[in-house]
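Just so you know, the sequence shown maps onto residues 127 to 1195 in the working numbering. Let me begin by presenting the structure, written as structure tokens, before commenting on it.
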Amino acid sequence: MDILPPTIGVISGINECVSLFQQVRSAVSSVRSRWNATNMQSHQEDVELHSRSDSQEQALQEDEVLQLQSDLRDLRDTLPVVYSLIDLAEWRNHEQCVAKLLEKLKDAVYEAEDLIDEFAWYELKVSAEGNATSVQPYIDFFRSVTRGRFNKVTDIHKRLTNRSGDLKDMGLLRQVSPRFDKAVRPETSSFPTETKIFGREEEVKQVIKCLGVPAKCGRTNSKRKRRSAIVESASNQVNNIHGNNETIITNFSVLPIVGLGGVGKTTLAQNICNHPQVKSHFDLIIWICVSDDFDVKRLTKEAIQSYSERDAVKDNLNSLQNSLAIKLKTKRLLLVLDDMWDDALKKNGQCWERFCVPLKNVLHGSMILVTTRSQNVADRVHTMDPIKLEGLKDDVFWDFFKHSVFGLNSSQVEPELERIGRNILPKLMGSPLAAKTVGRLLQISIDTTHWENILNSELWDLEQEETDILPALRLSYIYLPLHLKRCFSFCAVYPKDYKFQKQSLAEIWIAEGFVEPRGDIPIENIGHRYFDDLVNRSFFEKHRGTYVIHDLLHDMAQLVSKDECFTIKVQSDFQKIPPSVRHLSILSSTKIDRDSLLSLSRYKKLRTLLCNKSIRSMALASVMDRWCTELLCIRVFLCTSMREFPESISNLKHLRYLEVSWSCTFNSFPSGFCNLYNLQALYAKNCKLECLPSDLSKMINLKRFKSQTLEYHRGHDTSLSLWSYKGEFLHCWFEPRNLSGSLRSDEIPYSRSSVHMTDVVGDNNDNIGSNFSSLTELTIGHCHTLSSLEQFLQPAYVPGIKIIEIKYCDRLVSLPSFRHSSCLEELKVCKCPNINSSSLYAPSLKKLELKEDCGNLADNIDCSSLTYLHISQSHSTSIQLQMWNLPALQKLQITFCRSLAFIGKSEPVISNLSHHVGCSSAGTFPSLTELTISNCSKLQTVDDLHVSFPLLTDLLISHCQLPNGQKGMKLPSSLKSLKLLGCEDLSAWFPRCLENLASLMFMKVHHCKGELSIPGHMWSSNLASLRLLQIQGCPDLVSVGGPKAIAGIAKVWIERCPKFKELKQPVLK
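As structure tokens, this is what we get:
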């Protein structure tokens, strides 16, 4: 009992503490509530403040974006002026100070192009995503090019302005028309600079022969025996008949010598001018160094000064030309125009024609000898076949090389030096000037160490003087317009001897931005024209269906692009990459380690990256993500193998050309792949895709796509292209430019006029044709399981179809009936071997081509409106003309029918003819005027042509075995042109085939065998209208009836006929 009160006291104390705690907690809770309320109010005020701040910031950024757009427009408008300045500066790039400034200016131009291109990507993004009112993408761009006060646009513009100003201060704009520096291209004369000429004996004989110089020429009589000038060579007569627009002068013969710079054209011409027989044959020899300034007045003055001791004082072109014409009127002239460039062809050849005006009345036998690097110049001015001067050959070149190094003491060379020297020779490609260049460098030290260093160096990396080989070749490059300069110099990124394809290289040029759009011309056509221009200027040479660049020209390309293009051949080359490199290729034949590949990420300016098969897909996969994160300016990427594309590939905003040429193991694309709005071409030929990206329609610039299972090629604006996938129709069609979305097959626009189908199964898609009521053009190709088009091409479905092309459809067995197709005008069928058709009946058809193998489609043709027919079928053994009803046919071509043995009428088989073909008209072609039979090597019988083709005017038979059993083929009397080329035996046809050809005006017989003898009376009695006779390379030509028999023919050309002895060859009249 004594302890209870204290216990009660303790409990009471605890209760008081609990009560106090509850009071404190309530107070704290109350304070906390009041604090939270205050804090929420403060936070709300902060949110409103920040919102107003963000809105103000966005408004400010939108203003800055508009300013940025204005700055970009100014930058873009500046570039054309800068391009012109770069083109001018190239002419003085041999000056070190100009070269350094030019490098910096080009660097700024590249960055300007990349910046403008990046902004264009954001514009494409807005367009592709259909969010035209959004400004956010542009704000993203603005943030990417500004850092605080730094603005990349204004920085680049400032650099362009400063560098351009520096170049202008050096006097570049004072040069009205850029010309070669005389230190680089010294003036030439007719006096030889070489004491000895090596290995050109045959070329000298060939030129002298073409000049018409007799083998033995005396001064007393030869000057009066004037050889008739060639008004136009026979080959040009042929070209003119066919509408060739070559620039040709009359009353003069023009012989071009064409070849690379440094190959010895000038040396050969100098040797010709100083040859005793040439000097004896011509009354006057004039030498003019034309170079790149084809000024008619200057050249006329120089011609006058060549025969006069005084300068030409007159300055009026008419007076100058009159003086020249009077002086030359009584002279047999040899005029040498050394080093002619395309400048001579300006104003569509009018300058060349104007220069030649006073030369037209010179004596017969006068000649112009032209030396030029340009095949285009040679083709435009020649009247005789140009002489192509190649490099020196083998032992002769070794002798010249020794002479260049040791001079007169070249007879004894140490064996080790000879070994090194002979190993150097292949780099020089037979070029005398290249041998002189390297020979001068070897002279510095006649020891093996120095010579080995030269051997192991690239020619373009060797120090060269202004008149050495690469500076000499560089003149050809300088003379190119700027767009061709960029295209050619880019080719340095490829290895030597690379086989170029026109199509693929033009696509890459377009991707790089080298090809300038022109109006409505498809840009692909412009790219092809660029390529053709470079071929015509001899920068590319045709080689077995592809094109190559001469090794020395490749060295020159590496020289002019050494700061922009680089090739990695060995591991150590990674340390030599120039900081400003834009185009890089990895050509190593050995394995490249991963660290070296990663090191390429340093070169942020790269636009091109080409990787060969030495880089395995595993190594490439390990670095691709890094590359796609760092190398953001890439436009062209090519590799041989690829496991997969990383997600980061969507960073490559500039990417336009992507190719995996060899092994592909990926079967789908990363999710962001369709953000590559600039991508134009994607090739993954060995890739088996399992699905397509869902946003594919966003890739609004994609023109070509090819994989193992899918191929797509976008046509022009009027076409619609179909994607095919694993042999089945994809329900997905794409319009050419506005890819706002793909269309299901039942949504195809009825207004579409042109459709292309590739690799499509048609038998289960018959109703697809009903979607094309406005179709006018259809191309079907490589549909290997397609057997019939009967339903697809029903006239009710495609009432307006005009053009149909069907090719490479192995299983196609029939074509639809065109009986009721009133609009069909053109049909092309190629490589459809299983077609089995009783007849081809198409009343409206005007043009028909049957090529390679088209079953029996050519056996029975009934097309009353057909005007053009081309048959090229290797399996056909006979063409029975009575099976054809073609009353309107005007032109018939039968080519490459290698099994063809018979052409003509066989025994009539009336039951097999079309329903309305009668015996009276079958096999007769009253409208046909042109017939070509070519490359039919087994041809045995041809019916008399005057019966089947009574109004024939042009007949060409080429590379055929003419029938031996047909004695005296009778030709139609209407014939005006007869060409027999490469035929095996003419003896059975001649001379009877020439009877009654009173209308014949042109006859050409080239490289034909069989005894050929034409009696003299034939020319006057049967060939009274003949104006041009050309017989070349006929080994069995015996007689043409004597000189008097052909005296009445205006133009005669007979050469390379060894048994022909009646006239001295070449006979040129």
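Glycine residues also receive a C-beta, built at the ideal position from the N, C-alpha and C atoms.
{"query": "Answer yes if the segment 927–937 comes into contact with the segment 905–913, meaning at least three C-beta pairs across the two stretches below 8 Å, and no otherwise.", "result": "yes"}
{"query": "Please state the DSSP three-state secondary structure of residue 1056.", "result": "strand"}
{"query": "On the DSSP bridge assignment, give the partners of residue 688 in chain order.", "result": "In DSSP, residue 688 forms no bridge with anything."}
{"query": "Measuring straight from C-alpha to C-alpha, what distance separates residue 262 and residue 809?", "result": "33 Å"}
{"query": "How would you write the range of the alpha helix (DSSP H) that residue 87 sits in, first residue to last?", "result": "The question about residue 87 has no answer, for the chain in this structure spans 127 to 1195."}
{"query": "Does the count of Cβ pairs from the segment 379–393 and the segment 492–502 closer than 8 Å reach three?", "result": "yes"}
{"query": "Taking three-plus beta-carbon pairs below 8 Å as touching, is the segment 632–642 in contact with the segment 426–433?", "result": "no"}
{"query": "At what residues does the beta strand (DSSP E) containing residue 768 begin and finish?", "result": "762–768"}
{"query": "I'd like the list of long-range same chain contacts for residue 1184, defined as Cβ closer than 8 Å, with 5 residues on each side in sequence excluded.", "result": "1161"}
{"query": "Would the segment 715–724 and the segment 746–756 be scored as touching if the rule is three or more Cβ pairs under 8 Å?", "result": "yes"}
{"query": "When you compare the segment 471–490 with the segment 509–521, are there three or more beta-carbon pairs, one atom per stretch, that lie closer than 8 Å?", "result": "no"}
{"query": "According to DSSP, simplified to helix, strand and coil, what is residue 810?", "result": "strand"}
{"query": "Going by alpha carbons, who is nearest to residue 767 out of 739, 751, 794, 754?", "result": "739"}
{"query": "Is there contact between the segment 636–651 and the segment 591–608, where contact requires at least three CB pairs shorter than 8 Å?", "result": "no"}
{"query": "Which of the three DSSP states is assigned to residue 1190 in this structure?", "result": "coil"}
{"query": "Looking at C-beta atoms only, is the number of pairs between the segment 578–593 and the segment 710–717 that lie closer than 8 Å three or more?", "result": "no"}
{"query": "With a cut-off of 8 Å, do at least 3 Cβ pairs link the segment 554–567 to the segment 516–533?", "result": "yes"}
{"query": "Relative to the alpha-carbon of residue 788, which residue among 234, 1127, 765, 771 has its alpha-carbon at the smallest distance?", "result": "765"}
{"query": "Please name the residue, chosen from 265, 396, 197, that lies closest to residue 281 on a Cα-to-Cα basis.", "result": "197"}
{"query": "Once you ignore the five residues that flank residue 219 on each side, which residues in its own chain have a CB closer than 7 Å to its CB?", "result": "225, 228"}
{"query": "Note down the Cα distance separating residue 1188 from residue 509, rounded to an integer number of angstroms.", "result": "25 Å"}
{"query": "Just to confirm, is the Cβ distance from residue 464 to residue 392 under 8 Å?", "result": "yes"}
{"query": "If you compare alpha carbons, which of 1059, 250, 580, 389 is closest to residue 1107?", "result": "1059"}
{"query": "Classify residue 1177: buried if its beta carbon has 16 or more other beta carbons within 10 angstroms, exposed otherwise.", "result": "buried"}
{"query": "Please report the residue range of the alpha helix (DSSP H) in which residue 1080 lies.", "result": "Looking at the DSSP string, residue 1080 is not in any alpha helix (DSSP H); the run it does join, the beta strand (DSSP E), is 1080–1084."}
{"query": "How far does the beta strand (DSSP E) with residue 1106 in it extend, from its first residue to its last?", "result": "1103–1107"}
{"query": "Measuring only the C-alpha atoms, how far is residue 1142 from residue 485?", "result": "36 Å"}
{"query": "Tell me which same chain residues have a C-beta within less than 7 Å of the C-beta of residue 450, skipping the five on either side of it?", "result": "426, 429, 430, 484"}
{"query": "Distance, Cα to Cα, residue 860 vs residue 736?", "result": "Unreliable positioning characterises residue 860 in this predicted model, as indicated by a pLDDT of 41, which lies under 50. A coordinate reading is not provided."}
{"query": "Among 215, 320, 244, which one has its Cα closest to the Cα of residue 293?", "result": "215"}
{"query": "Taking C-beta to C-beta, are residue 581 and residue 546 nearer than 8 Å?", "result": "yes"}
{"query": "Per the contact definition of three or more C-beta pairs closer than 8 Å, is the segment 606–614 in contact with the segment 776–793?", "result": "no"}
{"query": "If you measure between the beta carbons of residue 1021 and residue 982, is that distance less than 8 Å?", "result": "no"}
{"query": "Thinking C-alpha only, which one of 1087, 423, 264 is nearest residue 245?", "result": "264"}
{"query": "If we ignore side chains and look at the alpha-carbon of each, how far apart do residue 200 and residue 692 end up?", "result": "32 Å"}
{"query": "Tell me which residues share the same chain as residue 1193 and place their Cβ nearer than 8 Å to its Cβ, disregarding the 5 neighbours each side in the sequence.", "result": "1178, 1179, 1180, 1181"}
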